[in-house]
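*Asks:* To convert a position in the sequence shown, counted from 1, into my numbering, add 510. No residue lacks a Cβ here, since even glycine has one placed at the ideal position from N, Cα and C. Keep in mind the model is a prediction, meaning the values are calculated, not measured. Pasting a structure here, questions to come.
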Amino acid sequence: MAKYLVIVESPAKVKTIKKFLGKNYEVVASNGHVRDLPKSQMGIDVEHDFEPKYITIRGKGDVLARLRKEAKKADKVYLATDPDREGEAISWHLSKSLKLDEDKMYRISFNEITKKAVKESIKDAREIDMDLVDAQQTRRMLDRMVGYRISPLLWAKVKRGLSAGRVQSVALRIICDREEEINAFIPEEYWTLDVFLNVEGEKKPLQAKFYGNRNEKIAIKSEEELNVILTKLENAQYSVEDVKKGERIKKSPVPFITSTLQQEAAKTLNFSTQKTMRIAQQLYEGIEIKGSGMIGLITYLRTDSTRISEEADGLARDYIKEHYGEEYVIQATTNSKNKSKIQDAHEAIRPTDIERTPEKMKESLSRDQFRLYQLIWKRFTASRMSYAKYETTSVKISASEYQFRVSASKLAFQGFMSVYVQEDDETKENNILLKDINKETQLDFGEFDYKQHFTQPPPHFTEAALVKALEELGIGRPSTYAPTISTIIARRYVAKENKNLYVTELGEIVNFIMKEAFPSIVDVNFTANLEALLDKVGEGVVNWKTVVRNFYPDLDEAVQIAEQELEKIEIQDEVTDVICDMCGRNMVIKYGPHGRFLACPGFPECKNTKPYLEKIGVKCPKCGKDVVLRKTKKGRKYYGCEDNPECDFMSWQKPSEEKCPECGSYMLEKGNKLVCANETCGYLRNIKEQKDK
């Protein structure tokens, strides 16, 4: 009979850990959380100092009964949930639900599921860290307060089952703010000027870029400015003014943390954040490796730390020395200074054994598992390798009063780049001609190459870019990035098209209401400060109830004000002039999960519905019929002709009925400006100017 019981979160770990610990240990899974706040109410007793009311999660009764039975038989119970705040909280909930005797209950945690790590965790068994539990408990309560107090107001305001989340609302605001930037962006014209110069004894010409004069860089903003420069350069003599040779190093990357893994997997593997975390979880929990059984291939995947254990660092250096050579082993450590976040007790995401190369593991992994494991293995190995070195050459060329410049770099020592190369790493040698150029080199004019360009608006967020923004702003933590993004997409606040995230009509409405009624909830700095407070709770510096006591009254006051204002608004269905072709009534505008639609007011007797096409009071520039507001299948707004598909006019920006006075094209509204739709024209003016007239 087993003397000891080990309780883990996931059933996938059971077999692996049981194999490591032997016959005296019974290993069972809790399948995640067993207790939570009730779904039917907020579950926080505001009148009695914010005491949470926890209940057993529906469907977990049988799991708890089995765990109680096993716990009674055991001499010691080890709670081996995940090594983070949430895992600590699950252990605490298990101890309460199972009514475990403190004398025989121990908390163990490990960053990797290997025999050594699991056995050492038994030796280092400890008590439950109540500071971490309180930090997680506080986060859960703050999220619950926001969701349960604000969601009913959104429902009343917009007349449908909407909901608000503390971190999701901020993420939505960040995306909406970017969308506003893009819509208000006015392209600015600029020109580039290159010169091709013939070098004595060389067949290929040298290409140099216009810089400015000898004193400063000059931006060419119009064709007129370009022509002035070209006139002054007529019959100019080109000569080498200065040549500088040097060396540049490119530092080895630090190992992955949760956010950087999600970003890199999105860029190089086209994985969503959710997919990255799902596959990483599989690699962490254990894969059946032919000839070795179940093995955890990577360390814990939810971490903010770039720290690497001395043992893993030493083994990596030995591996690199043996397979690449002594000169490829990094001299200094590449561990970056960690931010003050609670998960610094962890290591970075790395392979549990560097000797398990992706090639050796390939046969046992699915295609996606292999690609992600390869990315993690290469990044970790590269982090222990020498810097890459480039030989650089920079040449200044004078012509008349102006200066052209050309630079080149040649990879002199690959270092870490022999294993891991990112998209922006320079691997190609450029302008090889520069190696023999000096001040005496004769240069003869060949031809100019000049091009017109327009500045581009900031890009739409991708999942990777949003994760980076959330991390930089200090919003959310490793475990929250993927579910936050998944939630705003699932609620149709945001649509994902070709990797980009776009705000839907529904998202715009929710964001507007949140900004108007609850500005602090969607304030980026407020949310980041709250995250810092949760860290202080986790460190034992701040009492968790202090955070809740300070947060709730402000939320309660904002909700009460919003409720009073809502009472003044009588929300009625908007009647349209569209006649129901089934019963003859005037159809009304309703809201559904995809936005607005037309419905017959005679429901349920008449169930007729139609798509709602809102006319914007502008005629189609192509056919003269009305332009209407439309939505893509995923909910992104655009403007198109009502006669679609016969007429294919469409625009992401709202068209104006005004014509451009310069070229006659139609105009677009961008923020407070009207801009010609014809980019090459470039005409724009303030909308207010016309109104003033």
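Enumerate in chain order the residues of its own chain whose CB-to-CB distance from Glu911 is below 6 Å, with the five nearest sequence positions on each side excluded.
*Replies:* Position 401 of the sequence shown, counting from 1, holds the residue named residue 911. For Glu911, where only same-chain residues beyond five positions count, the Cβ hits under 6 Å are Asn723.
*Asks:* Tell me, to the nearest whole angstrom, how far the beta carbon of Arg812 is from that of Asp594; I am working on the premise that it is less than 8 Å.
*Replies:* Along the sequence shown, one-based indexing puts residue 812 at 302. Along the sequence shown, one-based indexing puts residue 594 at 84. Sure, about 5 Å apart at Cβ, within 8 Å.
*Asks:* Buried or exposed: Gly1017, going by 16 or more other Cβ atoms within 10 Å of its Cβ?
*Replies:* Walking along the sequence shown from the start, residue 1017 turns up at place 507. Buried: at least 16 other Cβ atoms inside 10 Å.
*Asks:* Closest to His603 by C-alpha separation, out of Val1085, Leu574, Lys727 and Asp828, would be which residue?
*Replies:* As a working mapping, residue 603 is identified with position 93 in the sequence shown. The residue with the shortest Cα to Cα distance from His603 is Leu574.
*Asks:* Would you kindly work out how many angstroms separate the C-alpha atoms of Ser819 and Pro765, rounded to a whole number?
*Replies:* What you label residue 819 is simply residue 309 of the sequence shown in a count that begins at 1. What you label residue 765 is simply residue 255 of the sequence shown in a count that begins at 1. So the alpha carbons of these two residues sit roughly 12 Å apart.
*Asks:* Give the DSSP bridge partners of Thr809, in chain order.
*Replies:* On the sequence shown, residue 809 is found 299 positions in, with the first residue counted as 1. According to DSSP, which records beta bridges pairwise, Thr809 is partnered with nothing at all.
*Asks:* Considering only the alpha carbon of each residue, which of Tyr700, Gln717 and Lys713 lies closest to Leu707?
*Replies:* Within the sequence shown, residue 707 is the residue found at index 197, counting from 1. Checking every option, the nearest Cα to that of Leu707 belongs to Gln717.
*Asks:* Within 10 angstroms of its Cβ, does Ile759 collect 16 or more other Cβ (buried), or is it exposed?
*Replies:* What you label residue 759 is simply residue 249 of the sequence shown in a count that begins at 1. By the neighbour-count rule (16 or more Cβ atoms within 10 Å), Ile759 is not buried but exposed.
*Asks:* By DSSP's criteria, Arg1140 is part of a beta bridge. Which residues make up the other side?
*Replies:* Indexing the sequence shown from 1 puts residue 1140 at position 630. Its beta-bridge partners are Tyr1148.
*Asks:* Does the pairing of the stretch 691-703 with the stretch 957-969 give three or more beta-carbon distances under 8 Å?
*Replies:* As far as the Cβ criterion goes, the stretch 691-703 touches the stretch 957-969, which means the pair count is three or higher.
*Asks:* Kindly indicate the opening and closing residues of the alpha helix (DSSP H) around Asp687.
*Replies:* Sequence index remark: in the sequence shown, residue 687 carries index 177 (1-based). Per DSSP, Asp687 belongs to the alpha helix (DSSP H) from Arg676 to Ala694.
*Asks:* According to DSSP, simplified to helix, strand and coil, what is Ala979?
*Replies:* Position 469 of the sequence shown, counting from 1, holds the residue named residue 979. In this structure, Ala979 counts as helix in the three-state DSSP scheme.
*Asks:* Between Lys920 and Val1013, what straight-line distance do the alpha-carbon atoms span, to the nearest angstrom?
*Replies:* Along the sequence shown, one-based indexing puts residue 920 at 410. Along the sequence shown, one-based indexing puts residue 1013 at 503. Each residue's alpha carbon lies about 44 Å from the other.
*Asks:* Measure the C-alpha to C-alpha separation of Leu885 and Ala775 and round it to an integer number of angstroms.
*Replies:* By one-based count along the sequence shown, residue 885 stands at place 375. By one-based count along the sequence shown, residue 775 stands at place 265. The alpha-carbon atoms of Leu885 and Ala775 are separated by roughly 8 Å.
*Asks:* How long is the line joining the alpha carbons of Ile1207 and Glu873, rounded to whole angstroms?
*Replies:* The question about residue 1207 has no answer, for the chain in this structure spans 511 to 1203.
*Asks:* Can you give the beta carbon distance from Lys614 to Asp585, rounded, assuming they're within the 8 Å contact cut?
*Replies:* One-based indexing of the sequence shown puts residue 614 at position 104. One-based indexing of the sequence shown puts residue 585 at position 75. The Cβ separation is near 6 Å, so the contact holds.
*Asks:* Within 7 Å: the Cβ of Leu1178 and any heavy atom of the ligand MN?
*Replies:* In the structure on display, the ligand MN does not appear, and there are no ligands present to speak of.
*Asks:* So, with DSSP's three-state summary, where would you put Lys529?
*Replies:* Here residue 529 is taken as the residue at index 19 of the sequence shown, counted from 1. Three-state DSSP puts Lys529 in a helix.
*Asks:* Looking only at DSSP bridge pairs, what is Glu710 linked to?
*Replies:* As a first step, residue 710 is located in the sequence shown; it is residue number 200 there, counting from the start. DSSP, once it has assigned bridges, lists no residue as partnering Glu710.
*Asks:* In terms of residue numbering, what span does the alpha helix (DSSP H) encompassing Met1024 cover?
*Replies:* The residue labelled residue 1024 in the question sits at position 514 within the sequence shown. Start and end: Glu1015 to Ala1027.
*Asks:* Can you say whether Trp887 is buried or exposed, counting buried as having 16 or more other CB atoms within 10 angstroms of its CB?
*Replies:* Walking along the sequence shown from the start, residue 887 turns up at place 377. Burial call: buried.
*Asks:* My assumption, with CB atoms under 8 Å, is that Met552 sits in contact with Tyr658. Please give the rounded CB distance.
*Replies:* Here residue 552 refers to the residue found at position 42 when the sequence shown is read from its first residue. Here residue 658 refers to the residue found at position 148 when the sequence shown is read from its first residue. That pair is a contact at about 4 Å.
*Asks:* Can you find the residues in the same chain that come closer than 6 Å, C-beta to C-beta, to Lys528, ignoring five residues on each side of it along the sequence?
*Replies:* By 1-based counting over the sequence shown, the position of residue 528 is 18. Within the same chain, Lys528 has close Cβ partners Val537.
*Asks:* Report the start-end ranges of each alpha helix (DSSP H) in the stretch 1086-1134 that is 4 residues or longer and not cut off at the edges.
*Replies:* Here no run is fully enclosed.
*Asks:* Do you know how far the Cα of Arg545 is from the Cα of Gly675?
*Replies:* For the purposes of this step, residue 675 is identified with residue 165 of the sequence shown, where counting begins at 1. For the purposes of this step, residue 545 is identified with residue 35 of the sequence shown, where counting begins at 1. One C-alpha to the other measures close to 20 Å.
*Asks:* Rounded to the nearest angstrom, what separates Met640 and Leu1040 at their Cα positions?
*Replies:* Stepping through the sequence shown from its first residue, residue 640 is reached at position 130. Stepping through the sequence shown from its first residue, residue 1040 is reached at position 530. C-alpha separation (whole angstroms): 19 Å.
*Asks:* Is the beta carbon of Ile907 less than 8 Å from the beta carbon of Glu1026?
*Replies:* Locating residue 907 in the sequence shown gives position 397, where the first residue counts as 1. Locating residue 1026 in the sequence shown gives position 516, where the first residue counts as 1. Contact flag unset, no.
*Asks:* What span of residues does the beta strand (DSSP E) with Thr903 cover, start to end?
*Replies:* What you label residue 903 is simply residue 393 of the sequence shown in a count that begins at 1. Start and end: Ala898 to Ala909.
*Asks:* Can you list, in chain order, the residues of its chain with a C-beta nearer than 6 Å to that of Gln773? Leave out the 5 residues immediately preceding and following it.
*Replies:* Start at 1 with the first residue of the sequence shown, and residue 773 comes out as number 263. Once the five neighbours on either side are set aside, the close Cβ partners of Gln773 are Ala974, Val977 and Lys978.
*Asks:* Under 8 Å, do Ile730 and Tyr700 count as touching if we go by C-beta distance?
*Replies:* Counted from its first residue, the sequence shown places residue 730 at position 220. Counted from its first residue, the sequence shown places residue 700 at position 190. Yes, Cβ-Cβ distance for Ile730 and Tyr700 is below 8 Å.
*Asks:* Under 8 Å by Cβ, that's how I've got Lys1132 and Phe1107 pegged, so tell me the actual separation to the nearest angstrom.
*Replies:* In the sequence shown, the residue the question calls residue 1132 occupies position 622. In the sequence shown, the residue the question calls residue 1107 occupies position 597. Not a contact, Cβ separation roughly 26 Å.
*Asks:* Do you know whose CA, among Phe720, Tyr588 and Ala892, lies nearest Phe914's CA?
*Replies:* Taking the sequence shown and counting its residues from 1, the one referred to as residue 914 is at position 404. It is Phe720.
*Asks:* Identify which residue in Cys1093, Ala666 and Tyr1193 has its Cα closest to the Cα of Asn1118.
*Replies:* Counted from its first residue, the sequence shown places residue 1118 at position 608. Ranking Cys1093, Ala666 and Tyr1193 by Cα distance to Asn1118 puts Cys1093 first.
*Asks:* Pick helix, strand or coil for Lys754, following the three-state DSSP scheme.
*Replies:* The residue you call residue 754 lines up with position 244 of the sequence shown. If DSSP states are grouped into helix, strand and coil, Lys754 belongs with the strands.
*Asks:* Considering only DSSP beta bridges, list what Trp477 is partnered with.
*Replies:* As displayed, the chain neither begins before 511 nor continues past 1203, which places residue 477 out of reach and without an answer.
*Asks:* If you reduce the DSSP assignment to three classes, tell me which class Phe1036 lands in.
*Replies:* Taking the sequence shown and counting its residues from 1, one reaches residue 1036 at position 526. Correct three-state label for Phe1036: helix.
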